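Going down the list, the protein sequences come from chains A and B.
Here the first sequence stands for residues 57 to 258, where the numbers follow this note's numbering.
Here the second sequence stands for residues 7 to 473, where the numbers follow this note's numbering.
Notes follow once the structure below has been shown.
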Amino acid sequence: MEPFSRFSAVAVPIDIANCDTDQIIPARFLRRPKDDPGYAKFLLHDLRFRSDGSETDFVFNQASYRNGRILVCDVNWGCGSSREAAVNALTANRIRAVIAPAFGDIHYSNCVKNGVLPVRLLSTECEQIRAQLHQSPGASIDIDLEDQIVSGPDGAQYVFEIDQMDKLRLIKGLDDISLTLEHQSAIEVYERNYRKNNSWIF
Amino acid sequence: MPGPRTLFEKIFNRHVVVERESGDALLFIDRQLIHDLHYRSFDELRTSGHVVRYPEQLFATPDHSIPTMARKLADIPPGEMHDTVAGLEHSARQLGFTHFGIADDRHGIVHIVGPEQGITLPGLTLVCGDSHTSTHGALGCLSFGIGSTEVKHVLATQTLWQRRPRNMRITVAGRLGFGVGAKDLILSIINQVGAAGGTGYAIEYSGSAIQQLSIEGRMTISNMTIEAGARSGIIAPDDKTIDYVHGRPYAPSGPKWDEAVAYWRTLPSDDDAVFDKEVSIDARVIEPTVTWGNSPQYTVGINDVIPDPSSASDASTRADMESALAYMDLKPGMPVSEIAVDKVFIGSCTNSRIEDLRAAADIIRGRCAVVPALVVPGSGLVKKQAESEGLDRIFTEAGMQWREPGCSMCVAINGDMLSPGERCASTSNRNFRGRQGTGSRTHLVSPAMAAGAAVSGHFTDIRKLGR
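Structural data, given as structure tokens:
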């Protein structure tokens, strides 16, 4: 997993409240392997493409935003289905961070586990940044995870909160399984007692 | 002496292997369920140098990719769907975990099969790579949906990192009225809490209306918890729960049963347990409910009209409502009972249990469907039970399709789907854009309301259908 410390990139405003993971990647693509060469197109597919495959005027298709690697979204981004493919569709487009007022819980942890930084800012802050990105298409945002600061297109700074373990995971690019296996002896002791005291479960 | 604790905290605490100061806990996972869309997990795990630690704690059944005309693997034509279903079966054989295959009567939607087989039990931790894993909370089981990286983590370690959620209690007082069921109740709850209102919380449902529900009805409630943003929705085990679990194939028996019941009796939240948030709902005012937008929070009663976005409290909600009305091709002020439907779907992990099929059949009996309707039982055993009660004949004589179990048109990746622009009365859990096929328009309703729409061609107050 690619470590995340400080990152600047063109940001894309997505003005959709309750944008569920079915929008982020429609279910019909869920059987495709992660390395499918067409994966990048699955992201927000039905908003970006018509049934004949031609492009709509959706923000992500506009020339200034095509190299966008940060999304700035509305409330409840990534609600609904637990499909991790939604994050795979983000990473296939080299998107490293999503800023939103609130995230679907499962999507949030799926992001962290794949090196995508989810940033929670106030609804009014997200709205302000999106408005600036519409005014100056192709403008960049800077995110400093160490100091937990987002610098908007106009240089305004926004402090964000993040769980310290999630921060560590992202900064070090840690794989969860190896992290857990460091606790192997604690797990084994726990299991032995648990199995002995709860024989009805096994 | 530990202080007063909630039901959720009691189960959570018992499963903590390691807890960090940050509040992250490594939880021991008693059961993992797995469905076909995760079949690649096993190869990926092997490639990363890990093994499935406890195959005996893993239970699989294919559901998302099952064509509902197929009775055996060979009935699925070569291609993605076949590979997915065959891939899961292959791994099960190779690694030795339990797998209820397509030809097995015990096969079905993973969230129907778990409780039906007694794999789901009170007091356990249970996970599955599917957001509707909250369903199992109806039995007092701490259950939640996870992503595919987490699926592999549980396979490799039988544990999972979780942050302690805050606790929310939703108390539903009173009694649901005639013609009003669990689906109407949970839709009303989501409307009140909001689609993001439960984010970061574990929800406990309590109160007289919850206690009065059958276990099947409680599963409809827990199932849709994720649509209010919470991963986990739990209900305290009581006599009904214990009766439901008793004698199921994977439930404990003999002295182990007594040991289990003694533990389960200790699980309900302590009287003085503190919840971070309390929500009260009055069951008596809930009407048969229909969703009109592209989030399950947008609900109206059957005798209401489509709301006006100008009534929204903020610009973002107003824009969301306006775009939903355009997508759904509805106008503010339109009576809900005048909305005509093109298709009806009765099924999904929300509403495909025997009680759901009985409720639909009660409305259909002696009537004819005037629009195409698909009825998909939740498991092979539900299907057999329904057939033994003659429900299949009620549906087929009304001109409805009676199919093999699976997720079917809830997720619409098995060939059952709507055409662009088609409108469906659906007993499933999500009315998201394109959920039932690109351009599809979904209205979420109860099984009885879906049946009412099937025989009327539009939404109708089932209380006036005279039964």
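Quick reminder that beta carbons are idealized off the backbone N, C-alpha and C, glycines included.
Since we're looking at a predicted model, the values are computed, not measured.
Asked: Classification of Leu201(A) by the beta-carbon crowding that lies within 10 angstroms, buried from 16 upward; Found: buried
Asked: Reference Glu410(B); option with closest CA among Ser47(B), Asp110(B) and Val350(B); Found: Asp110(B)
Asked: Short Cβ contact (7 Å threshold) for Pro128(B) with Gly146(B); Found: yes
Asked: C-beta neighbour in chain A for Leu43(B), strict 7 Å; Found: yes
Asked: Terminal residues of the alpha helix (DSSP H) in which Leu331(B) lies; Found: Ala321 to Met334
Asked: Helix, strand or coil at Phe65(B) [DSSP, three-state]; Found: strand
Asked: Cross-strand partners of Trp167(B) (DSSP beta bridge); Found: Leu32(B)
Asked: Continuous alpha helix (DSSP H) assignments of at least 4 residues falling wholly in the stretch 123-209 of chain B; Found: 154-163 and 188-199
Asked: Start-end ranges of the beta strand (DSSP E) lying completely within the stretch 430-468 of chain B, minimum 3 residues; Found: 447-450
Asked: Alpha helix (DSSP H) segment containing Pro174(A), residue limits; Found: No alpha helix (DSSP H) holds Pro174(A); the beta strand (DSSP E) holding it covers Leu173 to Arg176.
Asked: Interface residues of the stretch 166-194 of chain B facing chain A [CB-CB below 7 Å]; Found: Trp167 and Arg169
Asked: The stretch 344-356 of chain B touching the stretch 316-331 of chain B, judged by at least three CB pairs closer than 8 Å; Found: no
Asked: DSSP state of His101(A) mapped onto helix, strand, coil; Found: helix
Asked: Chain A residues whose Cβ lies nearer than 9 Å to that of Glu265(B); Found: Asn254, Ser255 and Trp256
Asked: Those runs of the beta strand (DSSP E) which lie wholly inside the stretch 276-306 of chain B and span at least 3 residues; Found: 283-288 and 295-297
Asked: Sequence-distant residues of the same chain with beta carbon closer than 6 Å to Phe85(A), five excluded per side; Found: Phe98
Asked: Three-state class that DSSP yields for Ser343(B) in the structure shown; Found: helix
Asked: Residues bridged to Gly114(B) (per DSSP); Found: Ser385(B)
Asked: Amino acids of chain B, ordered along the chain, whose beta-carbon sits closer than 9 Å to that of Asp296(A); Found: Missing from the structure shown is residue 296(A); chain A here goes from 57 to 258 and no further.
Asked: According to DSSP, residues forming a beta bridge with Thr104(B); Found: Phe65(B)
Asked: Where the stretch 215-234 of chain A meets chain B: residues whose CB sits under 7 Å from a CB there; Found: Asp219, Gln220, Met221, Asp232 and Ile233
Asked: Whole beta strand (DSSP E) elements within the stretch 341-379 of chain B, 3-residue minimum; Found: 349-352
Asked: Short-range partners of chain B found in the stretch 104-136 of chain A, where Cβ spacing is below 9 Å; Found: Ser107, Asp130, Val131, Asn132, Cys135 and Gly136
Asked: Partners in chain A for Gly235(B), counting only beta-carbon separations shorter than 9 Å; Found: Asn132, Cys135, Ala158, Gly160 and Asp161
Asked: CB contact flag (Ile115(B), Gly384(B), <7 Å); Found: yes
Asked: Chain A contacts made by the stretch 417-444 of chain B, where a contact means CB separation under 8 Å; Found: Val417, Ala418, Ile419, Pro426, Arg436, Phe438, Arg439, Gly440, Arg441 and Thr444
Asked: Nearest-angstrom Cβ-Cβ length linking Ala215(B) and Leu193(B), presumed shorter than 8 Å; Found: Incorrect: roughly 14 Å between the Cβ atoms, too far for contact.
Asked: Residue-level contact to chain A via CB, Asp36(B), 7 Å cutoff; Found: yes
Asked: Inter-residue Cα distance where the pair is Ala148(A) and Met87(B); Found: 23 Å
Asked: Sub-7 Å separation of Gly161(B) and Val58(B) beta-carbons; Found: Residue 161(B) is actually Leu in this sequence, not Gly. Going by C-beta atoms, Leu161(B) is nearer than 7 Å to Val58(B).
Asked: Chain-ordered chain B contacts of Lys97(A) [CB-CB under 9 Å]; Found: Near Lys97(A) there are no residues of chain B at all, since even the closest Cβ is about 14 Å away, more than 9 Å.
Asked: Whether Val70(B) touches Leu43(B) by CB criterion (7 Å); Found: In the sequence on display, residue 70(B) carries His and not Val. A contact, by the Cβ cut-off of 7 Å.
Asked: Asp222(A): first and last residue of the uninterrupted alpha helix (DSSP H) it sits in; Found: Gln220 to Lys228
Asked: Nonlocal neighbours in the same chain, by C-beta distance under 8 Å from Lys337(B), ignoring five residues either side; Found: Ile312 and Leu331
Asked: Opposing strand residues paired with Ser179(A) [DSSP bridges]; Found: Paired residues: none, contrary to the question.
Asked: Cβ of Thr236(A) within 7 Å of any chain B Cβ; Found: yes
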